[in-house]
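Remarks on the structure that follows.
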Amino acid sequence: MAIHVEGLVAIVIFYLLILGVGIWAAWKNKNSGVLEGTDRSETIMVGGRDIGLFVGGFTMTATWVGGGYINGTAEYVYLPGYGLAWAQAPFGYALSLVVGGLFFAKPMRSRGYVTMLDPFQQIYGKKNGWSSLHPSANGRDILVLRPFYLL
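For the sequence shown, numbering that gives the first Met the number 0 assigns the number 0 to the initial residue and increments by one for each residue that follows.
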């Protein structure tokens with residue numbers, strides 16, 4: 000098996016660049032949040048609640064758009080009999096992000112929530128709120144493990 004040297008060099012450079020950005024960001028933000036009086040974990044998890052529209056938009060998009068989304072959409076658009084009409088996910092995802100931003104972002108931010116489980120834990124208690132994680136986690140696990148079941 001031959002090694003594609005240019006591709007390997009590109010991947011190494013990419014990962015070194017990502018590592019460099021991570022080290023720079025950690026060094027730059029080492030003491031952020033201490034002066035403002037915010038919790039360090041909140042500063043790390045939600046960016047001190049000061050991410051901005053541009054970075055926040057790309058972060059939300061990256062949460063939804065992955066390899067399965069891109070490859071699956073391309074596959075169904077290419078298959079005969081399906082075409083572009085089967086590429087509905089971009090519109091649904093975009094609509095869900097807009098609805099989430101308009102109706103849920105402000106109340107969750109004003110109440111200081113960090114995760115989507117925080118409102119459930121506040122309403123139903125820690126034990127019942129924690130149990131609401133299981134349907135989501137099980138669905139994700141089934142989605143990930145399904146291809147192995149089909150082999």
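Using N, Cα and C, we set each Cβ at its ideal position, and we do this for glycine too.
8 angstroms contact criterion, which residue i and residue j should meet: CB distance rounded
i	j	result
T114	A88	With a Cβ gap of about 24 angstroms, T114 and A88 do not count as contacting.
L116	S131	6 angstroms
R48	R139	So it is not a contact: roughly 26 angstroms between Cβ atoms.
8 angstroms Cβ shell around residue i - same chain, five flanking residues per side excluded
i	result
I50	T58
V45	V113
Limits of the alpha helix (DSSP H) - the one that residue i falls within
i	result
Q121	117-130
V113	Taken as a continuous stretch (DSSP letters only), V113 belongs to no alpha helix (DSSP H), as it is neither H nor E.
F53	52-63
K27	4-27
A73	66-77
A88	88-98
Proximity below 7 angstroms, CB of residue i to CB of residue j
i	j	result
G128	Q120	yes
V97	A86	no
Y81	W63	no
Beta-carbon contacts of residue i that lie in its chain and below 6 angstroms, excluding the five residues immediately before and after
i	result
L16	none
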